[in-house]
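Written out as structure tokens, the structure is:
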């Protein structure tokens with residue numbers, strides 16, 4: 001890596017080359033803090049690198065246009081009413097409610113985003129209960145959302161919150177908390 005940078009610097013003998021290793025590049029607004037520090041003030045060009053373990057060592061891949069997406073994370077907690085699995089009519093099952101919300105989230109990209117725009121909502125975990133015969137009191141799930149534009153990222157964040165606030169078909173009592 002450093003040898004490659006040395007060769008680039010050798011080709012462009014005039015000017016200043018800044019090497020920036022962005023902290024917290026996936027989440028936690030690492031780029032924001034880099035910009036706030038003024039590190040990229042008066043920069044003529046930027047070349048971003050990202051490691052891809054699926055490529056052979058020494059391979060460099062590029063293409064024009066945006067290459068990496070902005071990302072956000074979400075965590076949603078659904079609270080129902082716990083009970084015995086043999087008496088589901090006496091409970092409000094948060095697993096079923098969470099499952100319904102997850103299906104609704106998948107419709108955001110499938111039906112609301114232009115197919116020519118890149119966006120993704122991925123639910124990557126779900127937790128609820130730890131017994132075979134007990135409907136838990138609550139369940140939670142979360143994941144990531146990504147877009148190549150800040151407008152797209154804002155839209156996904158807004159819609160994730162809306163979807164989880166509008167699941168009115170859930171029986172009472174319910175509580176949905178969204179942190180996106």
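In the UniProt record's numbering, the protein residues as written are 1 to 180. Every residue, glycine too, gets a C-beta built ideally from N, C-alpha and C.
Cβ atoms of residue j and residue i: under 7 Å apart, would you say?
i	j	result
residue 109	residue 92	no
residue 139	residue 102	no
residue 69	residue 147	yes
residue 86	residue 135	no
residue 46	residue 141	no
residue 119	residue 152	yes
Who are the Cβ neighbours of residue i in its own chain at under 8 Å, not counting the five residues just before and after it?
i	result
residue 39	18, 20
residue 127	139, 140, 141
residue 42	none
residue 48	67, 68
residue 61	52, 55
residue 16	none
residue 133	84, 85, 86
Return the chain-ordered list of same chain residues with a C-beta closer than 6 Å to the C-beta of residue i, the five sequence neighbours on each side being excluded.
i	result
residue 78	94, 97, 98, 139, 176
residue 104	163
residue 90	83
residue 106	none
residue 144	71, 73, 122
residue 113	119
Which partner residues does residue i have in the DSSP bridge list?
i	result
residue 139	78
residue 84	134
residue 72	145
residue 126	141
How would you label residue i, buried or exposed, when you count the other beta carbons within 10 angstroms and need 16 or more for buried?
i	result
residue 172	The pLDDT assigned to residue 172 is 48, lower than 50, so where the model puts this residue is not dependable, and the model offers no usable value.
residue 160	buried
residue 14	exposed
Roughly how far, in whole angstroms, is the beta-carbon of residue i from the beta-carbon of residue j, given that I think they are within contact range, below 8 Å?
i	j	result
residue 137	residue 80	7 Å
By Cβ distance below 7 Å, which residues in the same chain neighbour residue i in space, the five residues on each side in sequence not counted?
i	result
residue 6	none
residue 3	none
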